[in-house]
Amino acid sequence: MLKNGVILVSALSNTPYPFDRIEEFADNGEALEVRIPGIAQARIRSGDHIWERFADFLPFTIDPSFSLGEGNTALVRADDKLLGFCGLKNLYLKNETQNPTWSFKDRGSLTCVAMAAEMKETVTATISTGNMGNSLAAYGGHAGLKVLVFVPDFVPPEKIAAIGIHGATAIRITGADYSIMKRHVLGLAKKLKLRIVSGNGPVRVEGYKLTAFELYEQMRGNLPDYIAVPTSACGHIRGIFKGFSELKEAGIISKLPKMIVVQARNNSPIVSAIKQGSRHVIPFSDFHTVAEAITTGNPPGGDEIIDKATRFGWPAEDVAEDEILLSQKLLAASGYFVEPASATSLY
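Counting in the numbering used here, the sequence shown runs without a single skipped number right up to 1407 at its last residue.
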């Protein structure tokens, strides 16, 4: 059930939009985010699931039948090998591979499926390089939705197979630039009357907030100073930060951790902008990186992350191809087999 007074607002200009808006971005291209009245009075409740305990912070009630057991992933202290490599005394790894489809995307897919039910929609769609398509296919299939997944032609066959096994339809699109392709597909939503969700959609971001709430519980309120997040479409990093920001607004925490924006050097539209002091994304095209899961070269709504990095003093780092592969090997030697995109956060 949708809470009273919930709206969407553009992330920079604060322009209001109705919550049921089918287009995922504001008319001026800014990211949209959910605004829930009364967050200052929100409290942590009892419940078995993270979305039950933090129900006050979500725009609608989540039907337990939509869940596939996402969340509650391990927060593990890095071993001496990783600590020595990073030169840190304390480093923790959030093992999101323990989610049902092996990625953090499941948190956002839960809220996207709940949104479809709230709007009485029977079809949902996404644009994905694989992981999000797999996740939404699983959650949509479980909820009885028809799922369409638009994928670029460079997506490997094993990710297409993972999408198809859940009964979703994968639509492969050929194009030289994934960002242009993404904007084109998202632009079809109103014409097709089809909610097409991307990695930076406002409702998906509400699911990513759950990671912040989970970290708060796992660390018993003793929050980390920094959280390194591989960044592409921008929804993950802004969702985690939104969760902490709302906890602070509610008076539950008194400080905010700083996000570290991490991208592959061969495709670093946000990190390059931050390092050069630009207020706007610096588009990348015709690039190649082994970090295929973070290949948005011109992310819609990316200016918001640059703005937040400037205002809150977030560090930003890019990682070379050989450094990504080294990080992947180091993590594997410590027992964590992660894809290259995730490995960028270690270096």
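Cβ atoms here follow ideal geometry from the backbone N, Cα and C, with glycine treated the same way. As the structure is a prediction and not an experimental result, all values here were calculated from the model.
Taking 9 angstroms as the cut-off, the Cβ atoms of Q1388 and I1354 do not count as close.
The bridge partners DSSP lists for A1091 are F1085. If only complete runs of 4 or more residues are kept, the stretch 1254-1317 shows the alpha helix (DSSP H) at 1262-1278 and 1295-1309, in order along the chain.
Annotation note: the stretch 1111-1179 contains the following uninterrupted alpha helix (DSSP H) runs of length 4 or greater, listed N- to C-terminal: 1140-1146 and 1165-1178. The C-beta distance from A1333 to A1401 rounds to 20 angstroms, too long to meet the 8 angstroms contact threshold. In this structure, the CA atom of K1250 is about 43 angstroms from the CA atom of L1391. Bridge pairing for I1187: F1210 [DSSP]. With a beta-carbon spacing of about 22 angstroms, G1357 and S1195 fall beyond the 8 angstroms limit used to define contacts. Residues of the same chain with a CB within less than 6 angstroms of the CB of G1227, apart from the 5 flanking positions on each side, are G1201 in chain order. Residue pairing by DSSP puts P1078 in a beta bridge opposite I1067. The beta carbons of V1207 and T1189 sit no closer together than 9 angstroms. By the beta-carbon neighbour count (other beta carbons within 10 angstroms, threshold 16), P1329 is buried.
Excluding its 5 nearest sequence neighbours in each direction, P1160 has C-beta neighbours in its own chain below 7 angstroms: L1128, G1129, E1130, D1166 and A1198, listed in chain order. In this structure, the alpha-carbon of K1315 lies about 7 angstroms from that of K1308. Contact check for P1119 against V1289 fails: the beta carbons are separated by 9 angstroms or more. Sequence-distant partners of I1223 (beyond 5 residues in either direction) whose C-beta falls short of 6 angstroms from its own C-beta, in its chain, are G1193, N1194, A1197, V1209 and A1230.
As computed with DSSP, R1232 is found in a beta bridge with V1211. Annotation for V1136: Y1152, L1153 and N1155 place their beta carbon closer than 7 angstroms to its own, counting only its chain and skipping 5 residues before and after. Look at V1398 here: in three-state DSSP terms it is coil, with no helix or strand label. DSSP places E1377 in the strand class (E or B) of the three-state scheme. The criterion of a C-beta distance shorter than 9 angstroms is not satisfied by G1303 and N1260.
Within the same chain, F1273 come within 6 angstroms of F1114 by CB-CB distance, once the 5 residues on both sides are set aside. When secondary structure is reduced to three states using DSSP, M1061 falls in the coil class, being assigned neither helix nor strand.
Our two residues, K1335 and A1376, have alpha carbons roughly 7 angstroms apart in a direct line. Rounded to the nearest whole angstrom, the CA to CA distance from L1406 to C1146 is 8 angstroms. Comparing alpha-carbon positions, the option among D1140, E1090 and T1171 lying closest to G1395 turns out to be D1140. In the structure shown, A1351 falls within a coil segment according to DSSP collapsed to helix, strand and coil. A Cβ-Cβ distance of about 7 angstroms is found for the pair V1257 and T1184, placing them in contact under the 8 angstroms criterion. Nearest C-alpha to G1089 among G1361, D1367 and L1385: G1361. Around the C-beta of L1252, fewer than 16 other C-beta atoms lie within 10 Å, and the residue is accordingly described as exposed.
Within its own chain, the residues whose Cβ lies closer than 7 angstroms to the Cβ of R1243, once the five positions on either side in sequence are excluded, are P1360, listed in chain order.
Using a Cβ distance threshold of 9 angstroms, R1081 and L1072 do not count as a contacting pair. If you draw a straight line from the Cα of F1214 to the Cα of V1069, it is about 34 angstroms long. The Cβ atoms of I1104 and K1063 lie no closer than 9 angstroms to each other.
By the Cβ neighbour-count rule, G1267 is buried, with 16 or more other Cβ atoms within 10 Å of its own.
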